[in-house]
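K.L.:
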Amino acid sequence: MEIKDNTFSRQFETHFEGKLLTIEYSLQERKLFLTKIVEPENYTDETVVNEFLKEILALAIERKQKVVPTSPKIVQFFRKNPSYKELLPPGIRI
């Protein structure tokens with residue numbers, strides 16, 4: 011899966027099946043706040059979103075950033091995948 015970090019729009023982007031999937035973010039002091047998932051209309055496949063999130067979290071690990079999920083779907087992803095909880099900053103519990 012190819013991910014584009016659109017720093018101007020502050021979102022990660024990927025294309026699948028000719029549609030655009032984006033996750034908006036904000037950067038503050040080495041913390042990556044994942045704020046919103048923008049999915050195409052009539053989209054129901056969660057596996058692509060999960061793979062997209064895993065790729066973004068791999069980028070955060072590479073950049074040595076902590077991740078703060080603020081979107082309910084992203085919080086749910088962290089609950090289902092406890093191996094990524096080490097990316098949360100101190101004091102953040104999910």
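Numbered by the numbering used here, the letters in the sequence shown go through residues 11 to 104 in order.
Where is the CB? At the ideal position from N, CA and C, for every residue including glycine.
Predicted, not measured: the structure shown is a model, and the values here were computed from it.
Note down the Cα distance separating L30 from V85, rounded to an integer number of angstroms.
P.N.:
Going from the Cα of L30 to the Cα of V85 covers about 22 angstroms.
K.L.:
Straight-line CA distance for P92 to S19?
P.N.:
Each residue's alpha carbon lies about 29 angstroms from the other.
K.L.:
Rounded to the nearest angstrom, what separates L63 and G28 at their Cα positions?
P.N.:
C-alpha separation (whole angstroms): 19 angstroms.
K.L.:
Apply the 10 Å Cβ neighbour rule to I33 and answer buried if 16 or more other Cβ atoms are within range, or exposed otherwise.
P.N.:
By the 10 Å Cβ count, I33 comes out buried.
K.L.:
Assign L98 to one of three DSSP states: helix, strand, or coil.
P.N.:
Reduced to three states, the DSSP call for L98 is coil.
K.L.:
Rank V48, Y53, L44, T54 by C-alpha distance to the C-alpha of L69 and give the top, closest one.
P.N.:
Closest by alpha carbon: L44.
K.L.:
Would you kindly report the start and end of the unbroken beta strand (DSSP E) that includes E23?
P.N.:
Run containing E23: 21 to 26, per the beta strand (DSSP E) assignment.
K.L.:
Which residue wins for smallest C-alpha separation from I13, given the options T54, R103, E65?
P.N.:
Considering only alpha carbons, the answer is E65.
K.L.:
Do S81 and K46 have their C-beta atoms within less than 8 angstroms of each other?
P.N.:
Contact: yes.
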